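Numbering (the working numbering), first residue to last: 27 to 467.
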Amino acid sequence: MNSEPVNSSCFLSVASEFPCVIPNPFSSVGDLPDAPIQTNSSTPHSPVGVNAAPVNHTSEYSAADLQLREELTAKLLSELETEAISHLPSIRILIDRILTEVERICDKSDRIRSSGQQQTWLMTLAQHRLKKCLSYYKLGSKRGRVELHSHLSTMVYRHIVATQTQMGFSARYGLIEDFLQGFYIEVLKAFRRENILPEDYSPRTRLELAEYMAFTEHYAKRRIALPGRRTQQLIVLRAQGFAHRQPPETAIDLEMAIESAKSEEAEQHSRSPLVQQVREQMTAETTDPTDFVLRDRVITELISYLEAQGQPDCVDYLTLKLQDLSAPEIDEILNLSPRQRDYLQQRFKYHVEKFARSHRWQLVHQWLGADLDQNLGMPLQQWEAFLQQLTPDQHQLLRLKTQKHSDQEIAKALRCTLKQVQKRWVALLELAWQTRNSTTS
C-alpha cells in the first residue's frame, strides 16, 4: 500500500488533554498496523483498541437472540470475504459493536418494531455501518481524514456564523476549523462512552481509525427532535451554538439532556433550568432513527448514480444544496456564473427525476412514505380516485408490482419487452405523483 504522510497537527489530533488519534510513533499510513500496538503491560491505563476483549453484553440475551447475532455475524463476515479486512482478528469485535448499536436503534424505532421485519432491518443497518467503516478503511488515514473533514465542513458552512452576519468563504473557513477541533473532542468522548471504553482510549490501528471516522460521521448526522415536528442534525445544532458564542456549559452532553438522571451529580445537573429547557427541546418529538437511515441511503445511492453518469459537478451541487446554502454561496464555492448555475440546476433536476422514478424508485418511495404497501403515499379516497384513472394494463402492472414480481415476469405476463415494462412503470409513477400532489382529495 502506498504510504501517506500523516500530519501530526491534523484535525483528528485533539488538544494535549486527549491522545492523538494517530499515535506519534507512526509517520505514515503505511506504518499503521492492522494488529494492536503492543503497550507496556505495567502501564495502568494502556489504551484499549478494537482488539481488546469487549464488554460482555451477551449475558442479557436469550438463546434465540444469541443465535440470531451469530447468524448475522456470519452473514456480515461472508460479505467481507473478498475485502482486505476480512482476515483481521479484530473484525468480529467490530461487527459485535455494530450489531449492538443497530439493536439499540431497532428497539427504539416504532416503525421497525411494528413492521414485523426486525431481522431484516438489523441486517440492513449493520450492512450500512460496516460499509461505511470499509469505505474509510480503503481511503486510508490521510484521505479518510480529508474526506471526513471536508464533509463535516460542508455540513456546518452555512451555520457557523449568525444568520444576519455577512462573511466570505475564507473567514468562515477559519471559524469552521476552530469549531471542528472542539467537535472532534466531543465525538471522541461519545465514542468512548457508547462503546464502554477507557477514558484514555484512542484508535491505534487502521481499522480502529476507520471505525472512529465512520462513528464521527454518524454522530454528526444524528437528528435531534425540535418543537413543531422539526428535526435538526446534531452537528448543525452545535455549530449554531458556536455561532452565537454560547458558553461551553450549553453544549450539554446529549445523554444527560435526554435521559433521566442516574447519579446525584447528574440529578442536580438535570434540575437546572438550562438542562430542563434543552431536554424539552430534544424530547419534544421522538425521531425515528430509520428516517435518517433511509435518507442517508437515498443520498448515498444518488451520489453513486450521479458519479456513474459522469456528473461530478452535480454531486458537488447536491452536497451544497443539502446544507441549504443560498444561490450566491453556491456560486462562490463552485466558482459558477449565474448562467452556469442555471444549466447545472437543469441537469441536476433531470438526473434526480430519472433516479427517483426509474433507477431507484422503490428506495425513494420508501423514504417518502409512499411505497406500494402505503398506496404510493395517498390517503384512501385519493388512492381510489387514482385507481379509477388506470387502464386495465396499468391495473395489471400495479398488481404485479405490488405482488413483487420481477420485471422479467411482468414483461412475460403483459406480453411486452422489458424496456416497455420500465417505461410503463415510470409513466404510472408519474401519474401517481401528479395525483398525490393535486389539490383535490
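The beta-carbon is built from N, C-alpha and C at its ideal position, and this holds for glycine as well. Keep in mind the model is a prediction, meaning the values are calculated, not measured.
Which residues share a DSSP beta bridge with residue i?
{"i": "Leu252", "result": "Arg256"}
For the alpha helix (DSSP H) containing residue i, list its first residue and its last residue.
{"i": "Ile121", "result": "Ile117 to Lys134"}
{"i": "Ala183", "result": "The sequence shown places Tyr at residue 183, not Ala. Where Tyr183 is concerned, there is no enclosing alpha helix (DSSP H), given that its DSSP letter is neither H nor E."}
{"i": "Gly200", "result": "Phe195 to Glu220"}
{"i": "Asp368", "result": "Pro364 to Lys380"}
{"i": "Leu440", "result": "Asp433 to Leu440"}
{"i": "Thr428", "result": "Pro418 to Thr428"}
{"i": "Pro354", "result": "Ala353 to Leu360"}
{"i": "His270", "result": "Per DSSP, His270 belongs to no alpha helix (DSSP H) and is neither H nor E."}
{"i": "Thr345", "result": "Pro338 to Lys347"}
{"i": "Thr242", "result": "Arg232 to Lys247"}
{"i": "Glu410", "result": "Leu406 to Gln414"}
{"i": "Arg450", "result": "Leu444 to Arg462"}
Within its chain, find whatever has a CB closer than 8 Å to the CB of residue i; leave out the 5 residues flanking it on each side and keep chain order.
{"i": "Asp357", "result": "Ser363, Pro364 and Arg367"}
{"i": "Ser431", "result": "This sequence places His at residue 431; Ser is not what is there. Only Ala439 meet the Cβ criterion."}
{"i": "Gln153", "result": "Leu102 and Glu105"}
{"i": "Leu260", "result": "Tyr245, Ala246, Lys247, Arg248, Arg249, Ile250 and Leu280"}
{"i": "Thr99", "result": "Arg118, Ile121, Asp122 and Leu125"}
{"i": "Ile202", "result": "Ser179, Val182, Tyr183 and Ile186"}
{"i": "Cys132", "result": "Ile138, Arg139, Gln144, Trp147, Leu148 and Leu151"}
{"i": "Gln266", "result": "His185"}
{"i": "Leu423", "result": "Ile436, Leu440, Val447, Arg450, Trp451 and Leu454"}
{"i": "Ser35", "result": "Caution is warranted here: a pLDDT of 34 is assigned to Ser35, below 50, making its placement in the model unreliable, and the coordinate value is therefore given only provisionally. If we look at Ser35 and ignore the five residues flanking it on each side, it has no Cβ neighbours."}
{"i": "Val262", "result": "Met181, Val182 and His185"}
{"i": "Ser141", "result": "Trp147"}
{"i": "Gln258", "result": "Arg249, Ile250 and Leu252"}
Just to confirm my understanding: we take residue i, look at its own chain, exclude 5 residues before and 5 after, and list those with CB closer than 6 Å. What are they?
{"i": "Leu406", "result": "none"}
{"i": "Val447", "result": "Asp433, Ile436 and Ala437"}
{"i": "Gln420", "result": "Leu454"}
{"i": "Arg155", "result": "Ile124"}
{"i": "Asn50", "result": "Any reading at Asn50 needs caution, since the residue's pLDDT is 32, under 50, leaving its predicted position unreliable; the model's value is listed next. No residues qualify anywhere along the chain."}
{"i": "Val172", "result": "none"}
{"i": "Thr428", "result": "Leu398"}
{"i": "Phe374", "result": "Cys340 and Tyr343"}
{"i": "Arg383", "result": "Val452 and Leu455"}
{"i": "Met239", "result": "Tyr162, Gly170 and Leu174"}
{"i": "Asp57", "result": "Any reading at Asp57 must be qualified, since the residue scores a pLDDT of 35, below 50, and its modelled position is unreliable; no value is offered."}
Thinking residue i and residue j are a contact (beta carbons under 8 Å), I'd like their distance in whole angstroms, please.
{"i": "Leu174", "j": "Thr242", "result": "6 Å"}
{"i": "Tyr331", "j": "Arg232", "result": "That belief does not hold up - the Cβ atoms of Tyr331 and Arg232 are roughly 29 Å apart, past 8 Å."}
{"i": "Leu457", "j": "Gln414", "result": "In fact, because the Cβ distance is near 12 Å, the residues do not count as touching under 8 Å."}
{"i": "Val151", "j": "Val182", "result": "Before going on, a small fix: residue 151 reads as Leu here, not Val. Incorrect: roughly 26 Å between the Cβ atoms, too far for contact."}
{"i": "Glu237", "j": "Cys159", "result": "5 Å"}
{"i": "Arg321", "j": "Leu402", "result": "With 8 Å as the limit, Arg321 and Leu402 do not qualify as a contact, their Cβ atoms being about 19 Å apart."}
{"i": "Arg323", "j": "Leu398", "result": "No, Arg323 and Leu398 are not in contact; Cβ-Cβ is about 18 Å, not under 8 Å."}
{"i": "Ile359", "j": "Leu346", "result": "6 Å"}
Quick one: what's got a C-beta closer than 7 Å to residue i's C-beta in the same chain, skipping five residues either side?
{"i": "Val341", "result": "Ile329, Leu332 and Glu333"}
{"i": "Trp387", "result": "Leu455"}
{"i": "Ala269", "result": "His185, Ile186, Val187 and Ala188"}
{"i": "Asp381", "result": "Before going further, note that residue 381 is Phe rather than Asp in the sequence given. Result list for Phe381: Leu328 and Tyr331, in chain order."}
{"i": "Glu225", "result": "Arg218"}
Is residue i near the ligand FAD, going by C-beta to nearest heavy atom under 7 Å?
{"i": "Tyr245", "result": "With respect to small molecules bound, the structure shown includes none, and the ligand FAD cannot be examined in it."}
Any beta carbon from chain B within less than 8 Å of residue i's own beta carbon?
{"i": "Arg198", "result": "Here chain B cannot be found, since the structure has a single protein chain."}
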